[in-house]
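Asker: Got a structure for you, written out below as structure tokens; questions coming shortly.
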DNA sequence: CAAGAGATCATCT
DNA sequence: GATGATCTCTTGA
């Protein structure tokens, strides 16, 4: 298991967002239904990401300065940023770049590695959208501020040992950021061309 | 298929 | 007091 180290995230956001495609988001959590003390280990391939890149990016929470909500974006890289929105949804981000440069990668869609036939597993849930995947993986605000580069908190990312050809990476406009001026047209959303698990609004380029 | 509305509330102004 | 890094359902062409 090659867990991605903190240094992986301490690079330009646009680079990290693309390099995360094809890597594996892993979730480990107690699953008492299988017996006392049992845990489940679920693995998902990351197939879609978005970059939120610095203080000038008007689509980013960080564009209006530091607040209580977005302060982890200003911290060191490899830290989980989870926020709550639309009164019901959690969004999973990983902070990137150096300290005091507010940037993060939003994980928008993952592909379950588990058999859909495995009833009771996370594979039974839809994970092709940023809110759907946090629901499927049981990720909420309690993860906000925790490091993703250690296994301790039951959520980490493992690298891939194969190369993802550049031709397989699609660059597209980010979703739901029409208010962001010229930044709404930045091609800062990335997804794996061949994946059937990309979020639904994947066609706009 | 596309467009619009409703859900629902923490966070920000 | 307004809004949103979303999703699902309904309506209508």
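Numbering (our numbering), first residue to last: 7 to 211. Note that the Cβ used here is the ideal one computed from N, Cα and C, for glycine as well.
Looking only at its own chain, which residues have a Cβ that is under 8 Å from the Cβ of residue 8, when we skip the five neighbours before and after it?
Answerer: The residue given as residue 8 occupies position 2 in the first chain. The residues are 164, 165 and 167.
Asker: Tell me, to the nearest whole angstrom, how far the beta carbon of residue 203 is from that of residue 116; I am working on the premise that it is less than 8 Å.
Answerer: Locating residue 203 in the first chain gives position 197, counting from the first residue. Locating residue 116 in the first chain gives position 110, counting from the first residue. About 7 Å separates the two Cβ atoms, so the contact holds.
Asker: Is the distance from the Cβ of residue 137 to the Cβ of residue 89 below 8 Å?
Answerer: Taking the first chain and counting its residues from 1, one reaches residue 137 at position 131. Taking the first chain and counting its residues from 1, one reaches residue 89 at position 83. The answer is no: Cβ separation not under 8 Å.
Asker: If contact is defined by three or more beta carbon pairs under 8 Å, each pair taking one atom from either stretch, is the region 41-50 in contact with the region 102-119?
Answerer: Yes, the region 102-119 is in contact with the region 41-50.
Asker: Between which two residues does the alpha helix (DSSP H) containing residue 136 stretch?
Answerer: Reading the first chain from its first residue, position 130 is the one you call residue 136. Segment 136-142, the alpha helix (DSSP H) holding residue 136.
Asker: Excluding the 5 residues flanking residue 57 on each side, which residues of the same chain have their C-beta closer than 7 Å to its C-beta?
Answerer: Indexing the first chain from 1 puts residue 57 at position 51. Once the five neighbours on either side are set aside, the close Cβ partners of residue 57 are 19, 20, 23, 111 and 194.
Asker: Report the option in 75, 42, 178 and 170 whose CA atom is closest to the CA atom of residue 91.
Answerer: Translated into positions along the first chain, residue 91 becomes position 85. Ranking 75, 42, 178 and 170 by Cα distance to residue 91 puts 75 first.
Asker: Suppose contacts are defined by Cβ-Cβ distances below 8 Å. Is residue 101 in contact with residue 15 by that definition?
Answerer: Working through the first chain from its first residue, we reach residue 101 at position 95. Working through the first chain from its first residue, we reach residue 15 at position 9. A contact, by the Cβ cut-off of 8 Å.
Asker: Short of 6 Å in beta carbon distance, which residues of its chain neighbour residue 152, apart from the five on each side in sequence? Order them along the chain.
Answerer: By one-based count along the first chain, residue 152 stands at place 146. Answer for residue 152: 86 and 159, listed in chain order.
Asker: Look up residue 56 in the DSSP assignment and say whether it is helix, strand or coil.
Answerer: Indexing the first chain from 1 puts residue 56 at position 50. The answer is strand: DSSP assigns residue 56 an E or B state.
Asker: Please report the residue range of the alpha helix (DSSP H) in which residue 68 lies.
Answerer: Your numbering for residue 68 matches position 62 in the first chain. Residue 68 -> no alpha helix (DSSP H), and no H or E assigned at all.
Asker: Return the chain-ordered list of same chain residues with a C-beta closer than 6 Å to the C-beta of residue 17, the five sequence neighbours on each side being excluded.
Answerer: Stepping through the first chain from its first residue, residue 17 is reached at position 11. The answer is none, since no qualifying residue turns up.
Asker: Which residues in the same chain have their Cβ closer than 6 Å to the Cβ of residue 31, if we skip the five residues on either side of it in sequence?
Answerer: Indexing the first chain from 1 puts residue 31 at position 25. Closer than 6 Å at the Cβ level, and outside the excluded window around residue 31, lie 50, 52, 116 and 163.
Asker: Please state whether DSSP places residue 189 in a helix, a strand or coil.
Answerer: Against the first chain, residue 189 aligns to sequence position 183. Looking at residue 189 - three-state DSSP - the assignment turns out to be helix.
Asker: Do you know whose CA, among 44, 38 and 98, lies nearest residue 161's CA?
Answerer: On the first chain, residue 161 is found 155 positions in, with the first residue counted as 1. Residue 98 is the option with its Cα nearest to residue 161.
Asker: For the ligand SAM, I want to know if residue 14 counts as a neighbour, meaning its beta carbon is within less than 7 Å of at least one of the ligand's heavy atoms.
Answerer: Looking for the ligand SAM in the displayed structure turns up nothing, as the structure carries no ligands at all.
Asker: Rounded to a whole number of angstroms, what is the C-alpha to C-alpha distance between residue 173 and residue 38?
Answerer: As a working note, residue 173 is residue 167 in the first chain. As a working note, residue 38 is residue 32 in the first chain. Cα to Cα, residue 173 sits roughly 43 Å from residue 38.
Asker: Return the CA-CA distance between residue 182 and residue 41, expressed in angstroms with no decimal places.
Answerer: Position 176 of the first chain, counting from 1, holds the residue named residue 182. Position 35 of the first chain, counting from 1, holds the residue named residue 41. If you take the alpha carbons of residue 182 and residue 41, they lie about 42 Å apart.
Asker: If you run the structure through DSSP and keep just helix, strand and coil, what is residue 172?
Answerer: As a position in the first chain, residue 172 is number 166, starting the count at 1. Helix, per DSSP.
Asker: Do you know how far the Cα of residue 62 is from the Cα of residue 123?
Answerer: As a first step, residue 123 is located in the first chain; it is residue number 117 there, counting from the start. As a first step, residue 62 is located in the first chain; it is residue number 56 there, counting from the start. Residue confidence is low: residue 123 scores 43 on pLDDT, short of 50, so the model does not pin down where it sits. Its coordinate-derived value is still stated next. Those two C-alpha atoms are separated by around 46 Å.
Asker: Between the Cα of residue 81 and those of 106, 134 and 191, spot the shortest distance and give me the residue it belongs to.
Answerer: Counting from one through the first chain, the residue named residue 81 turns up at place 75. Checked all of 106, 134 and 191; the closest Cα to residue 81 is 106.
Asker: Could you tell me the boundaries of the beta strand (DSSP E) in which residue 204 lies?
Answerer: Numbered from its first residue, the first chain carries residue 204 at position 198. Looking at the DSSP string, residue 204 is not in any beta strand (DSSP E), and its letter there is neither H nor E.
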